[in-house]
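Trainee: One structure is given below, represented as C-alpha cells, and several questions about it will come after.
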Ligand SMILES: Nc1ncnc2c1ncn2[C@@H]1O[C@H](COP(=O)(O)OP(=O)(O)O)[C@@H](O)[C@H]1O
Ligand SMILES: [Mg+2]
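In our numbering, the protein residues as written are 157 to 450.
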C-alpha cells in the first residue's frame with residue numbers, strides 16, 4: 157500500500173490507520189485525544205464528523221490537514237505515509253492540497269476581502285502569484301461578494317465573512333476542503349446558505365469535503381456521517397442522523413439524510429446540539445497556514 161514514496165501531485169485519497177493522538181498534560185500525565193481511528197476519505201466524497209465538544213474533532217481535522225501529527229498509527233496520503241514527509245514538503249503539500257474553513261472565519265482584520273482571499277497566493281509561484289488579485293476577485297464573485305471586494309471584515313456580516321473565508325479556502329483549488337464547525341458562529345439560515353454555497357463550489361470543483369460539526373442538520377447533508385466519541389470514530393447510520401434531525405424538524409420539511417442535493421435550507425433548527433466546541437488554537441493554525449503555504 158505505502159510502497160509509492162510520494163504522491164504524484166496534490167493528494168486524493170486520505171487514509172487513517174489506527175491513528176492515535178496522545179498529548180502531554182501539565183501535571184505530567186497524558187491524554188489520549190484520539191484512539192485507534194480508522195478512516196478512508198475518497199476523492200470527491202463529502203464526509204461529516206459529529207461529536208461533542210472535546211471529543212477530538214479538531215484534532216482529527218488537523219491531522220488530516222497536516223497541521224498535527226498522529227502519535228500512533230499511520231496517515232496515508234494516496235498511499236504515502238505522511239510521517240515520511242520532510243517539514244518543507246509537508247508544508248508544501250498542505251498549501252497545495254488543503255483548504256481550511258474555521259468557525260471564527262479567521263480573516264485578517266485590516267485587509268480587504270480581496271486581500272484576504274489573495275493571501276494564500278502570496279506564497280504561490282509564477283502565474284498564480286502574479287494573477288492573485290484577479291483570481292481573488294473571481295473567487296469572491298463565485299461566493300456572491302463581487303460587490304464587496306474592498307470591504308474589510310468588520311464591515312461584513314458573519315455570513316459574508318464566512319463566504320470570504322470559503323473563497324480564500326478555495327482560491328488555490330485544493331483537492332480537499334476541511335471545514336471545522338463552519339456554521340458554528342452563524343444563525344441557522346445563514347449557516348445553511350453558507351453550506352449550500354460551499355457544497356455547490358466543492359461539487360463543481362470535484363473537491364473532497366470533510367465537515368466537522370456539532371449540528372446534525374449540517375452533518376445530514378454529507379454522503380457519510382461519522383461520530384467521534386471520546387477519541388473513537390464510528391460510522392453513523394442514516395437512520396441515526398435522520399432520526400436525530402427529524403426530531404427538531406419543522407412540519408413540512410423532509411429528512412435529508414444521505415442526500416446532499418436535497419439541501420436542508422432552514423429546515424433544521426439546529427438539530428441535536430452536541431455542544432459548541434472551543435476554538436482555541438484556530439489562530440495559531442491560521443498562522444501556520446499562511447506562513448506554511450509555500
Ligand atoms: N495539545 C493539547 N494539550 C492538552 N489537551 C489537548 C491538546 N489538544 C487537545 N486537547 C484536549 O483534547 C480534547 C479534544 O480536543 P479537540 O480536538 O479540540 O476537540 P473538539 O474539536 O471535538 O472540541 C479536549 O479535551 C482538549 O482540551
Ligand atoms: Mg473543535
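A virtual CB, placed ideally from N, CA and C, is assigned to each residue, including glycine.
Hey, how far is the Cα of residue 226 from the Cα of residue 208?
Mentor: Between residue 226 and residue 208, the C-alpha separation is close to 21 Å.
Trainee: Going along the chain, which residues of its own chain have a beta-carbon closer than 6 Å to the beta-carbon of residue 415, five neighbours each way excluded?
Mentor: Interpretation of residue 415 is limited by its pLDDT of 39, a score under 50 that renders its predicted location unreliable; the figure taken from the coordinates is listed afterwards. Once the five neighbours on either side are set aside, residue 415 has no close Cβ partner at all.
Trainee: Mind checking residue 441: buried by the 16 CB within 10 Å criterion, or exposed?
Mentor: For residue 441, the predicted structure reports a pLDDT of 49, less than 50, and the residue's modelled location is therefore unreliable. The matter cannot be settled from this model.
Trainee: Beta-carbon within less than 8 Å of residue 353's beta-carbon, same chain only, minus the 5 sequence neighbours each way: which residues are those?
Mentor: Correct list, in chain order: 299, 300, 319, 322.
Trainee: Using a Cβ-based criterion (distance less than 7 Å to any ligand heavy atom), does residue 336 qualify as near ligand 2?
Mentor: At least one heavy atom of ligand 2 is nearer than 7 Å to the Cβ of residue 336, so yes.
Trainee: Answer yes if the region 191-201 comes into contact with the region 380-390, meaning at least three C-beta pairs across the two stretches below 8 Å, and no otherwise.
Mentor: Counting Cβ pairs under 8 Å, three or more are found: they touch.
Trainee: Would you kindly work out how many angstroms separate the C-alpha atoms of residue 244 and residue 251, rounded to a whole number?
Mentor: Distance between the alpha carbons of residue 244 and residue 251: 11 Å.
Trainee: Verify the contact flag: residue 211, CB atom, against every heavy atom of ligand 1, threshold strictly below 7 Å.
Mentor: Indeed, a heavy atom of ligand 1 lies less than 7 Å from the Cβ.
Trainee: Just checking my contact of residue 359 with residue 331 at CB under 8 Å: how many whole Å lie between their CB atoms?
Mentor: The pair is not a contact, with the Cβ atoms about 14 Å apart (cut-off 8 Å).
Trainee: Any idea what DSSP makes of residue 259, helix, strand or coil?
Mentor: Residue 259: coil per DSSP, three-state reduction.
Trainee: Would residue 270 be called buried (16 or more neighbouring beta carbons within 10 Å of its own) or exposed?
Mentor: It is buried - the Cβ of residue 270 has at least 16 other Cβ atoms within 10 Å.
Trainee: Exposed or buried, what is residue 175 when buried is set at 16 or more other beta-carbons lying within 10 Å of its beta-carbon?
Mentor: That one is buried.
Trainee: Does the Cβ of residue 253 lie closer than 7 Å to at least one heavy atom of ligand 2?
Mentor: No, Cβ of residue 253 sits at least 7 Å from all heavy atoms of ligand 2.
Trainee: Is it the case that the CB of residue 313 approaches a heavy atom of ligand 2 more closely than 7 Å?
Mentor: No; taking the cut-off as 7 Å, the Cβ of residue 313 has no heavy atom of ligand 2 nearer than that.
Trainee: Excluding the five sequence neighbours on either side, which residues of its own chain have a C-beta within less than 8 Å of the C-beta of residue 341, listed in chain order?
Mentor: Answer for residue 341: 259, 260, 261, 314, 318, listed in chain order.
Trainee: Mark residue 310 as exposed unless 16 or more other C-beta atoms lie within 10 angstroms of its C-beta, in which case mark it buried.
Mentor: Looking at its Cβ environment, which holds fewer than 16 other Cβ atoms inside 10 Å, residue 310 is exposed.
Trainee: Is the beta carbon of residue 379 less than 8 Å from the beta carbon of residue 201?
Mentor: Yes, they are a contact pair.
Trainee: Quick check on residue 186: does DSSP put it in helix, strand or coil?
Mentor: If DSSP states are grouped into helix, strand and coil, residue 186 belongs with the strands.
Trainee: Can you tell me which of the three DSSP states residue 378 falls into?
Mentor: Of the three classes helix, strand and coil, the one that applies to residue 378 here is coil, per DSSP.
Trainee: Return helix, strand or coil for residue 173, following the three-state DSSP convention.
Mentor: In the structure shown, residue 173 sits in a strand (DSSP, three-state: E or B).
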